[in-house]
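Going by the working numbering, the sequence shown wraps up at 1142, each residue one higher than the last.
Don't be surprised by glycine CBs; every beta carbon is placed ideally from N, CA and C.
Remember, it's a predicted structure, so these values are computed and weren't measured experimentally.
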Amino acid sequence: MSTDNSSEYFSSPFKLGILGGGQLGKMLLYETRKFDIHTVVMDSSEEAPSKIACNEFVLGDLMDFDAVYNLGKQVDVLTIEIENVNVDALEKLEDEGLKVFPPTKSLRIIQNKAKQKLFYVDNGIPTADFQRFAYKSEIKDSISNGGLEFPFIWKAAQFGYDGQGVKVVRKIEDLEGLPSGECIAEKMIDFKNELAVIVTRSVSGEVKTYPVVEMEFHPEANQVEYVICPARISDAVAQKAQEIALKVSEKIQHVGLLAVELFQTKDDQIIVNEVAPRPHNSGHYSIEASYTNQFEQHIRAILDLPLGDTKSKVAGIMVNLVGAEDYTGEVVYKNMSQILGMEGVTPHIYGKKQTRPFRKMGHVTIVNESISEARKIAQQVKETIKVISK
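Next up, the structure:
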């Protein structure tokens, strides 16, 4: 008879540690509260969105070895909601027997964009051509001797996120003001769609994928404006995207969620852009549209519980709520009652008190039987709600 250890997690002394207290952590905590799993969250800000929803909050720097190590000593399982954490501390905790998800081995690959790209090449995973540079100054040498051509995408190797640490470089002047450290220069891909697939892998190896989603980007902010599920692509392209995402997951051997961002090229090839080893913007639609949302699925995976159904109940579109361009200061959400009056619309406000241009402040999900109807309502939402300041 198999033993069921799952009862140890619910309404029990078991403690789940979460590094990072942003909006992803806050949405993860909706699920731990549903299951009555005791949580300990660490973040460097007293105003972290997760603070109101966890059982214990610890103020600490996620890049500080001692802070991360000491948090790990208080919990039974440790996970992350952001990749920028002290991996050396996680590795020591792992060596001492703590369960850390994603495992530090996969986190080390993902945390550095240059390592991530080399990993794809080594494992036969299609990705854009790139060059790796230890210093930004080397890029200029490469351009002058013909090794690198405009335009290309500059990416900081470490600590980039949500459009930060990424820039399109069309001329030498575009390099001004960028950090001088390790980076990659990536060939610009002429793509017709940006897609994403979320893969979940449990501790014992059960694997499930969510449907392929399509992402529409804001041209200036380099941030996702709309996430559309299901993606408006052919079954053959969707299948190819799922297969490549599964290959990345299998090779990287993560546990928990892995969001795989992909390009669909003009001739319908699928290539990997980058991955994130945690709940992801491209899966927020799942809170309203899926049988099992991405946050619950992450909890199930890291606690080695059976994975939930990833199918959608209805079509879902997510609209990012970001700070309006000319506003900085105490946040005001304008026209909220108007969007609440629209059909199938659910806003999520992250709890950040201060807005600034393009800062992620919340998102809105639109669900509908028809994807084209949902897209129309999403457009109305986008044009109606304004994130401004007092």
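In whole angstroms, what is the alpha-carbon distance linking residue i and residue j?
{"i": "GLU808", "j": "LYS867", "result": "35 Å"}
{"i": "TYR872", "j": "ALA1130", "result": "35 Å"}
{"i": "GLY824", "j": "TYR761", "result": "17 Å"}
{"i": "LEU900", "j": "SER894", "result": "6 Å"}
{"i": "ASP926", "j": "GLU972", "result": "15 Å"}
{"i": "LYS1134", "j": "THR1117", "result": "11 Å"}
{"i": "TYR1037", "j": "VAL1097", "result": "11 Å"}
{"i": "HIS790", "j": "TYR782", "result": "12 Å"}
{"i": "VAL1119", "j": "GLU798", "result": "34 Å"}
{"i": "ASN838", "j": "LEU1057", "result": "27 Å"}
{"i": "PHE817", "j": "ILE861", "result": "19 Å"}
{"i": "VAL976", "j": "VAL918", "result": "14 Å"}
{"i": "ILE980", "j": "GLN994", "result": "16 Å"}
{"i": "LYS1105", "j": "VAL1027", "result": "29 Å"}
{"i": "GLN991", "j": "GLY774", "result": "33 Å"}
{"i": "LEU1077", "j": "LEU1055", "result": "As written in the sequence, residue 1077 is Glu, which differs from the Leu given in the question. Whole-angstrom Cα-Cα distance: 41 Å."}
{"i": "LEU842", "j": "PRO854", "result": "10 Å"}
{"i": "GLY1093", "j": "GLU1002", "result": "44 Å"}
{"i": "ASN928", "j": "GLN916", "result": "In the sequence as displayed, the identity of residue 928 is Glu instead of Asn. About 15 Å."}
{"i": "GLN1132", "j": "LYS1086", "result": "14 Å"}
{"i": "ARG1127", "j": "ARG1108", "result": "27 Å"}
{"i": "LEU998", "j": "LEU850", "result": "27 Å"}
{"i": "GLN1090", "j": "ASN897", "result": "57 Å"}
Give me, in chain order, the residues of the same chain whose beta-carbon lies closer than 7 Å to that of residue i; leave out the 5 immediate sequence neighbours on both sides.
{"i": "LYS869", "result": "THR879, PHE882, ILE936"}
{"i": "LEU1059", "result": "THR952, SER954, GLU958, LYS960, GLN1049, ARG1052, ALA1053"}
{"i": "VAL1043", "result": "The amino acid at residue 1043 is misidentified as Val; the sequence shows Tyr. Here the set comprises GLY1060, ASP1061, LYS1063, LYS1065."}
{"i": "VAL1024", "result": "TYR872, ILE877, PRO878, THR879, ILE996, VAL1000, VAL1012, LEU1014"}
{"i": "ARG884", "result": "ALA866, ILE936"}
{"i": "SER858", "result": "ILE1004, GLN1005, HIS1006, PRO1029"}
{"i": "LEU845", "result": "TYR821, GLY824, LEU830, VAL852"}
{"i": "SER763", "result": "ASP788"}
{"i": "LYS1142", "result": "GLY1081, GLU1082, VAL1084"}
Applying the criterion that 16 or more other CB atoms from any shown protein chain within 10 Å of the CB defines a buried residue, is residue i buried or exposed?
{"i": "VAL1083", "result": "buried"}
{"i": "GLY772", "result": "buried"}
{"i": "SER889", "result": "exposed"}
{"i": "GLU1143", "result": "Lying before the first or after the last residue shown, residue 1143 is absent from the chain, which here runs from 753 to 1142."}
{"i": "LYS778", "result": "buried"}
{"i": "ALA886", "result": "exposed"}
{"i": "ASP795", "result": "buried"}
{"i": "PHE1047", "result": "buried"}
{"i": "PRO765", "result": "exposed"}
{"i": "GLU946", "result": "buried"}
{"i": "GLN1016", "result": "buried"}
{"i": "LEU811", "result": "exposed"}
{"i": "LYS907", "result": "buried"}
{"i": "ASN875", "result": "exposed"}
{"i": "ILE804", "result": "exposed"}
Of the choices the options, whose alpha-carbon is the least far from that of residue i?
{"i": "LEU1073", "options": "VAL1119, ALA1126, LYS1138", "result": "LYS1138"}
{"i": "LEU1010", "options": "VAL989, ASN1033, GLY929, GLU946", "result": "ASN1033"}
{"i": "LYS852", "options": "VAL820, ARG785, GLY812, GLY1068", "result": "The question names Lys, but residue 852 in the sequence shown is Val. Ranking VAL820, ARG785, GLY812, GLY1068 by Cα distance to VAL852 puts VAL820 first."}
{"i": "LYS939", "options": "LEU927, ASP926, VAL921", "result": "VAL921"}
{"i": "LYS944", "options": "GLY1035, GLU799, ILE1022", "result": "ILE1022"}
{"i": "LYS923", "options": "GLN916, PHE911, PHE904", "result": "PHE904"}
{"i": "ARG1111", "options": "VAL1119, ASN1120, ILE1101", "result": "ILE1101"}
{"i": "PRO751", "options": "ILE832, SER802, ASP795", "result": "Shown here, the chain extends from 753 to 1142; a query on residue 751 therefore has no answer."}
{"i": "PHE902", "options": "ASN864, LYS892, PHE911", "result": "LYS892"}
{"i": "THR1146", "options": "GLU835, LYS865, GLY898, ASN875", "result": "Nothing can be reported for residue 1146, as the shown portion of the chain is limited to 753 through 1142."}
{"i": "GLU1040", "options": "GLU1026, GLY929, GLN991, GLU1121", "result": "GLU1121"}
{"i": "PRO931", "options": "ASN838, GLY912, LEU947, LEU1055", "result": "GLY912"}
{"i": "GLY1035", "options": "MET1070, GLU1002, SER986", "result": "MET1070"}
{"i": "VAL964", "options": "HIS970, TYR978, ALA948", "result": "ALA948"}
{"i": "GLU1125", "options": "PHE787, GLU1095, LYS1142", "result": "GLU1095"}
{"i": "LYS1018", "options": "GLY1114, THR784, ILE941, SER896", "result": "ILE941"}
{"i": "TYR1079", "options": "GLY1114, ILE1140, MET1113, ARG785", "result": "ILE1140"}
Tell me which residues share the same chain as residue i and place their Cβ nearer than 6 Å to its Cβ, disregarding the 5 neighbours each side in the sequence.
{"i": "GLY769", "result": "VAL792, LEU823, VAL827, LEU830"}
{"i": "SER754", "result": "Any reading at SER754 must be qualified, since the residue scores a pLDDT of 42, below 50, and its modelled position is unreliable; the value itself is stated next. Taken in chain order, the list of residues that qualify is empty."}
{"i": "ILE1123", "result": "ALA1067"}
{"i": "ALA909", "result": "ASN864, LYS865, ALA866, GLU934, CYS935"}
{"i": "TYR962", "result": "ILE950, THR1062"}
Using a Cβ-Cβ cut-off of 8 Å (strictly less than) and excluding sequence neighbours within five positions of residue i, which residues of its own chain qualify?
{"i": "ARG984", "result": "GLU966, ILE1123"}
{"i": "ALA988", "result": "ASP1020"}
{"i": "LEU814", "result": "LEU771, GLY772, MET794, ASP795, SER796, VAL820, ILE834, ASN836, VAL837, ASN838"}
{"i": "PRO801", "result": "GLY773, GLY774, GLN775, GLY777, LYS778, TYR1102, GLY1103, LYS1104"}
{"i": "MET1088", "result": "PRO1099, ILE1137"}
Would residue i pass as an interface residue toward chain D - the criterion being a Cβ-Cβ separation below 8 Å?
{"i": "LYS778", "result": "Of the protein chains in the structure, only one exists, and it is not chain D."}
What are the start and end residues of each continuous alpha helix (DSSP H) run of 4 or more residues lying completely inside the stretch 1069-1104, in chain order?
-> Inside the stretch 1069-1104, DSSP marks whole alpha helix (DSSP H) runs of 4 or more residues at positions 1088-1092, from first to last along the chain.
What runs of the beta strand (DSSP E), each 3 residues or longer, lie entirely inside the stretch 764-834?
-> The qualifying runs are 767-771, 790-795, 808-811, 829-832.
In chain order, which alpha helix (DSSP H) runs of at least 4 residues are fully inside the stretch 872-957?
-> Segments of the alpha helix (DSSP H) lying fully in the stretch 872-957: 889-896.
Identify every run of the beta strand (DSSP E) within the stretch 968-1003, keeping only runs that are complete inside it and at least 3 residues long; order them along the chain.
-> Segments of the beta strand (DSSP E) lying fully in the stretch 968-1003: 976-981.
Could I get the ranges of all uninterrupted alpha helix (DSSP H) runs contained in the stretch 1008-1060, with 4 residues as the minimum, in chain order?
-> Runs found: 1038-1041, 1046-1054.
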